[in-house]
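Inspection log for the structure reproduced underneath, given as C-alpha cells.
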Amino acid sequence: MEHDPVLLKEVLNALDESPLRREGGALVDATLGLGGYSEAILARFPQITVFGIDRDLAALEFAQERLASFSERFYPLHVNFGDMETKLSPYGLFNAFVFDLGVSNMQLVEAGRGFSFQRDGPLDMRMDPHGGSETAASILNGKSAAELADIFWRYGEERWSRVIASRIESERRRGHRLQTTGELVALIRDVLPAPVQRRMGGHPARRIFQALRIFVNDELGELESALSVLPTLAAGGCVAAVVSYHSLEDRIVKHTFRRWEKEEKKGRVRTRRPILPTDEETERNYKARSAKLRVFDFS
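Note that my numbering has the sequence shown beginning at 734, numbered continuously upward.
Laid out in C-alpha cells, this is it:
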C-alpha cells in the first residue's frame, strides 16, 4: 500500500537536534497509521525504542507486519489519545513524541471505511469502527439542518454550510436518507453552483467530509487530551513534533506550545513559525500541500 510520510525529513531533523540522537531512549509515534514514520525513525536511531499507538486496529496490524524486522524495538498499542496517560505511564517517561494528524492512506483507499469522497462506500468515517461512536450516516440523518450547518462550518469552514444542510434535511423529508459517500458527493455537487465549484480549487465535497470526519472522531477534543498529558509523560529534554493539516488543528498546537513556554515554563518553542513542505514535496505528494510542522523542546 502506497504511503509517503509528510515532512519526514523535517521530522527526522527535529529529532536529530534532541538528546535522542546522543542518548537514545523511547519515542511515541502517536499516530502510527501505516508505520512510515516509525520505520524511518527506527532505521535512523538504532539505539531507541518506539511505541506506536493508534485507535485503528487495522492500521496496528498492518504496521506490526511492516515493522516485523524491528520487533525487539517496536511496540504497537491500541490507544486513543484520551487514554494516553493511562496506557503509556506504566512504561515510564518518553524522550520524544511524533504526531501526524489527519486521516491515513489506509483509511482513504478502503471504500468501506467511508472517508474518501472519491470512492463510493458506506458513510461510516469512524477511525475505530469498534469504538461505538456514531457514524457519519447517523449524524447526517439524525441531526437538524441547524446542527449540521454548525458542524460543516465549525469543522470544515464551509461557506455553503447552511445551504447544504438545508438540502440534506429536505431530502430526509422526502424519505431519502443518505447512506453512501457517493450519495453525499452527488448531493453537494447538485447544490453548489457550477461557478462556485470551479473556484474552490479542490473537490467540492472536501470540506464537508473533513467536518464530518472531525466530528465523528472528536479529533480536536482527542488532540487536546493528548497534548494535555504530554508534560506528565515527557522526560527531560523530550521533543514533541506535530504535523497538522488544517487551521483548527494547527491553532490548538500553536496555542498549547506557547502556553507551555510562556505560562507554564515547561520548555521552549523551537519553531516560531511552522515548518512547511518544499515545493518538490507538494508536487510529489498532494497530501503535503497544507501540512505544517511545529516542534517543542521540554526542559
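Ideal Cβ placement from N, Cα and C applies to all residues, glycine included.
Between the CA atoms of residue j and residue i - distance to the nearest angstrom
{"i": "Leu920", "j": "Arg799", "result": "39 Å"}
{"i": "Asp857", "j": "Glu756", "result": "44 Å"}
{"i": "Met734", "j": "Phe830", "result": "Reliability of the predicted coordinates at Met734 is poor, the pLDDT of 49 falling under 50, and the value obtained from them is presented with this limitation in mind. Cα-Cα distance, rounded: 25 Å."}
{"i": "Asp1012", "j": "Arg900", "result": "39 Å"}
{"i": "Pro1010", "j": "Ser871", "result": "37 Å"}
{"i": "Phe832", "j": "Val976", "result": "6 Å"}
{"i": "Arg992", "j": "Val962", "result": "14 Å"}
{"i": "Ser866", "j": "Arg859", "result": "7 Å"}
{"i": "Tyr770", "j": "Glu805", "result": "17 Å"}
{"i": "Pro964", "j": "Leu741", "result": "24 Å"}
{"i": "His936", "j": "Gln930", "result": "8 Å"}
{"i": "Ile947", "j": "Tyr888", "result": "7 Å"}
{"i": "Phe814", "j": "Arg1017", "result": "30 Å"}
{"i": "Lys1020", "j": "Asp737", "result": "9 Å"}
{"i": "Glu916", "j": "Val949", "result": "18 Å"}
{"i": "Pro855", "j": "Ala844", "result": "8 Å"}
{"i": "Lys820", "j": "Val761", "result": "12 Å"}
{"i": "Glu955", "j": "Glu818", "result": "12 Å"}
{"i": "Ala796", "j": "Arg906", "result": "44 Å"}
{"i": "Arg932", "j": "Ser894", "result": "16 Å"}
{"i": "Lys998", "j": "Leu960", "result": "15 Å"}
{"i": "Ser751", "j": "Val896", "result": "49 Å"}
{"i": "Ala747", "j": "Arg1005", "result": "14 Å"}
{"i": "Glu880", "j": "Phe942", "result": "16 Å"}
{"i": "Asp749", "j": "Arg892", "result": "42 Å"}
{"i": "Arg846", "j": "Arg984", "result": "28 Å"}
{"i": "Val924", "j": "Thr868", "result": "23 Å"}
{"i": "Val842", "j": "Ala792", "result": "12 Å"}
{"i": "Arg922", "j": "Arg939", "result": "11 Å"}
{"i": "Leu966", "j": "Pro823", "result": "10 Å"}
{"i": "His863", "j": "Asn838", "result": "19 Å"}
Best match in the options for proximity to residue i [C-alpha to C-alpha]
{"i": "Ser765", "options": "Leu790, Ser877, Arg906", "result": "In the sequence as displayed, the identity of residue 765 is Leu instead of Ser. Cα-wise, what sits closest to Leu765 is Leu790."}
{"i": "Ala974", "options": "Gln943, Gly825, Leu834", "result": "Leu834"}
{"i": "Val890", "options": "Arg788, Ile1008, Glu982, Tyr770", "result": "Strictly speaking, residue 890 in this sequence is Glu, with Val absent from that position. Looking at the Cα atoms, Glu982 is the closest of the given residues."}
{"i": "Ile944", "options": "Val842, Phe885, Thr1004, Ser958", "result": "The residue asked about is misnamed: residue 944 is Ala in this sequence, not Ile. Residue Phe885 is the option with its Cα nearest to Ala944."}
{"i": "Ser958", "options": "Val976, Ser977, Val986", "result": "Val986"}
{"i": "Ala763", "options": "Ser751, Phe948, Phe807", "result": "Phe807"}
{"i": "Ile781", "options": "Arg931, Glu772, Arg1006", "result": "Glu772"}
{"i": "Thr913", "options": "Val972, Asp853, Ala898", "result": "Asp853"}
{"i": "Asp861", "options": "Pro855, Val812, Val896", "result": "Val812"}
{"i": "Leu1103", "options": "Arg846, Leu745, Ser751", "result": "Here the chain comprises residues numbered 734 to 1032, so residue 1103 is not present and cannot be evaluated."}
{"i": "Gly908", "options": "Arg922, Ile897, Gly875, Arg1006", "result": "Gly875"}
{"i": "Leu767", "options": "Ala747, Asp749, Val739, Ser751", "result": "Val739"}
{"i": "Pro1007", "options": "Leu1026, His863, Leu953", "result": "Leu1026"}
{"i": "Gly970", "options": "Gly934, Gly1000, His863", "result": "Gly1000"}
{"i": "Val836", "options": "Lys995, Glu952, Thr868", "result": "Glu952"}
{"i": "Leu810", "options": "Asp787, Ala801, Arg1003", "result": "Asp787"}
Extent of the continuous beta strand (DSSP E) to which residue i belongs
{"i": "Lys711", "result": "This structure leaves residue 711 out entirely; the chain is present only between 734 and 1032."}
{"i": "Leu760", "result": "758 to 762"}
{"i": "Phe827", "result": "827 to 833"}
{"i": "Ile781", "result": "781 to 787"}
{"i": "Val1002", "result": "1000 to 1002"}
{"i": "Asp1030", "result": "1025 to 1031"}
Proximity test, Cβ basis, 8 Å: residue i and chain C
{"i": "Glu996", "result": "Protein chain content of the structure displayed is limited to a single chain, and chain C is not contained in it."}
Alpha helix (DSSP H) segment containing residue i, residue limits
{"i": "His988", "result": "980 to 995"}
{"i": "Lys820", "result": "817 to 821"}
{"i": "Val962", "result": "952 to 966"}
{"i": "Pro928", "result": "927 to 932"}
{"i": "Phe795", "result": "790 to 799"}
{"i": "Leu1009", "result": "Where Leu1009 is concerned, there is no enclosing alpha helix (DSSP H), given that its DSSP letter is neither H nor E."}
{"i": "Tyr808", "result": "Taken as a continuous stretch (DSSP letters only), Tyr808 belongs to no alpha helix (DSSP H), being part of the beta strand (DSSP E) at 807 to 811."}
{"i": "Asp883", "result": "878 to 889"}
{"i": "Thr914", "result": "914 to 924"}
{"i": "Ser771", "result": "769 to 777"}
{"i": "Arg906", "result": "894 to 906"}
{"i": "Ser871", "result": "869 to 875"}
Whole-angstrom C-beta distance between residue j and residue i, which should lie under 8 Å
{"i": "Phe778", "j": "Leu753", "result": "6 Å"}
{"i": "Ala927", "j": "Glu902", "result": "No, Ala927 and Glu902 are not in contact; Cβ-Cβ is about 23 Å, not under 8 Å."}
{"i": "Phe1029", "j": "Phe990", "result": "5 Å"}
{"i": "Leu873", "j": "Leu911", "result": "5 Å"}
{"i": "Ala759", "j": "Asn828", "result": "6 Å"}
{"i": "Gln840", "j": "Phe850", "result": "Their Cβ separation, rounded to whole angstroms, is 13 Å, which puts Gln840 and Phe850 out of contact at 8 Å."}
{"i": "Ser1023", "j": "His988", "result": "The pair is not a contact, with the Cβ atoms about 19 Å apart (cut-off 8 Å)."}
{"i": "Val1002", "j": "Glu994", "result": "5 Å"}
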